[in-house]
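Here is the structure we will look at, set down as structure tokens.
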Amino acid sequence: MPRNLDLTALRSFVAVADTGGVTKAAGVLHLTQSAVSMQLKRLEESMGVALFDRSARSISLSPNGEQLLGYARRMLSLNDEIYSRLTAQEFEGEVTLGVPHDIVYPVVPQVLQRFAAEYPRVRVQLLTSFTRALKEQYAKGEVDVLLTTEDEVGEGGETLAIKPLVWIGTENGTAWRNRPLRLAFEKNCIFRQGVQRRLSEAGIPWEMVVETNSSRTIEATVTADLAVHALIEGTEPRHCERINHGGALPELRQTRINMYHRASDDSPVVGDLAALIHAAYQAH
1333 MPRNLDLTAL
1343 RSFVAVADTG
1353 GVTKAAGVLH
1363 LTQSAVSMQL
1373 KRLEESMGVA
1383 LFDRSARSIS
1393 LSPNGEQLLG
1403 YARRMLSLND
1413 EIYSRLTAQE
1423 FEGEVTLGVP
1433 HDIVYPVVPQ
1443 VLQRFAAEYP
1453 RVRVQLLTSF
1463 TRALKEQYAK
1473 GEVDVLLTTE
1483 DEVGEGGETL
1493 AIKPLVWIGT
1503 ENGTAWRNRP
1513 LRLAFEKNCI
1523 FRQGVQRRLS
1533 EAGIPWEMVV
1543 ETNSSRTIEA
1553 TVTADLAVHA
1563 LIEGTEPRHC
1573 ERINHGGALP
1583 ELRQTRINMY
1593 HRASDDSPVV
1603 GDLAALIHAA
1613 YQAH
């Protein structure tokens, strides 16, 4: 007799595999930890195999779990596509999402993929710029959902994360040892003046080596070991790394990643996009 897999349990299984733990998966799925654990147990019992290696402190997939993961993703993707195309046809149009350059990764691409599956006929217009410029566009009604990097959260906003700024340079670079310290920041970067002030307070001479608003130019300059930069922890470009300066550079302040959005009683689209962003940050 054919047996059927529980898609709800499979979704919990994939969430745990993606986030690395039951607690974070529960936050993404808006379930309790016990509910997620029960679904995993039921899935393992129905298949008669262990899907996780629980011998270490951190949870990891067993060989059987690794084999199931690819199938589970495909099944859930097809399920979501069918559900979206049959139930979300009434929602169409465009939603504008504003995000500062430096926090597009790693969260935003995941959110866009999930949103496209749930609302296949709604196009997300992604605007990347600096926080100040994006807030001006939001105030004019040109942005529906806005992410910002700020010291505080404004009226109507929600703080998604509080993270420190860190010094970054190229891999195994030495630019951080030079004095004056060579800095690479965009002209409109909200962190620029604060970093300069911290260096001056610490008695460290510094100089700007580029004058640009191109993030690519900044990244290339730092990757070439011609300067150092500072950004939010966890958003380091691929060819750069956090500088292990051993106290030779001052510690930098923390910053907030905030979200603002305009809820509408006529359509859940904007609110659902904001909810996906909120859940993604909770998982990270």
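Counting from 1, position 233 in the sequence shown corresponds to residue 1565 in my numbering; the numbering is continuous, with no gaps. All C-beta atoms, glycine included, are put in the ideal place defined by N, C-alpha and C. This structure is a prediction, so every number in the text was calculated from the model and none was measured.
Looking at the backbone, the Cα of S1369 and that of L1400 are separated by about 17 Å. Taken through DSSP and simplified to helix, strand or coil, K1373 comes out as helix. In the displayed model, V1485 falls within coil according to three-state DSSP, outside both helix and strand. Ranked by Cα distance from L1363, the first of E1468, L1466, S1409 and A1341 is A1341.
Secondary-structure assignment with DSSP links P1496 through a beta bridge to Q1586. By the criterion of a C-beta distance shorter than 7 Å, I1435 is surrounded in its chain by L1479, T1481, I1564, T1567 and I1589, once the five residues flanking it on both sides are discounted. Setting aside the 5 residues that flank it on each side, S1547 is surrounded in the same chain by H1433, each with a C-beta closer than 6 Å to its C-beta; the list follows chain order. Exposure of T1355 is indicated by the presence of fewer than 16 other C-beta atoms within 10 angstroms of its C-beta. Of the other Cβ atoms in all chains shown, 16 or more fall within 10 Å of the Cβ of K1467; this residue is therefore buried. In terms of Cα proximity to T1502, the closest of L1372, R1386, A1562 and V1360 is A1562. Setting aside the 5 residues that flank it on each side, L1605 is surrounded in the same chain by V1427, L1429, V1443, F1447, V1456, D1476, V1477 and H1593, each with a C-beta closer than 8 Å to its C-beta; the list follows chain order. Rounded to whole angstroms, the gap between the alpha carbons of L1515 and G1603 is 39 Å.
Taking the C-beta atoms as reference points, D1557 is found no nearer than 8 Å to G1473.
Within its own chain, the residues whose Cβ lies closer than 7 Å to the Cβ of A1493, once the five positions on either side in sequence are excluded, are I1589 and Y1613, listed in chain order.
A check of alpha carbon separations from H1577 across A1367, A1507 and R1529 identifies A1507 as the nearest.
Around the beta carbon of G1352, fewer than 16 other beta carbons sit within 10 angstroms, so the residue counts as exposed. Residue burial annotation: R1343 is buried, with at least 16 other C-beta atoms found within 10 angstroms of its C-beta.
In this structure, I1522 sits away from E1573, with a CB-CB distance that is not shorter than 8 Å.
Secondary structure at G1505: coil, using DSSP grouped into helix, strand and coil.
For T1460, the three-state secondary structure derived from DSSP is strand. Distance from the CA atom of A1347 to the CA atom of Y1451, rounded to whole angstroms, is 20 Å. Your pair T1587 and D1483 checks out as a contact, with CB atoms roughly 7 Å apart and the cut at 8 Å. Fully enclosed beta strand (DSSP E) runs of no fewer than 3 residues occupy 1513 to 1515, 1538 to 1540, 1561 to 1564 and 1572 to 1574 of the region 1510 to 1580, in order along the chain. Of the candidates F1462, M1379, G1486 and V1360, M1379 places its Cα closest to the Cα of R1335. Just so you know, the alpha carbons of L1410 and I1550 end up roughly 41 Å apart.
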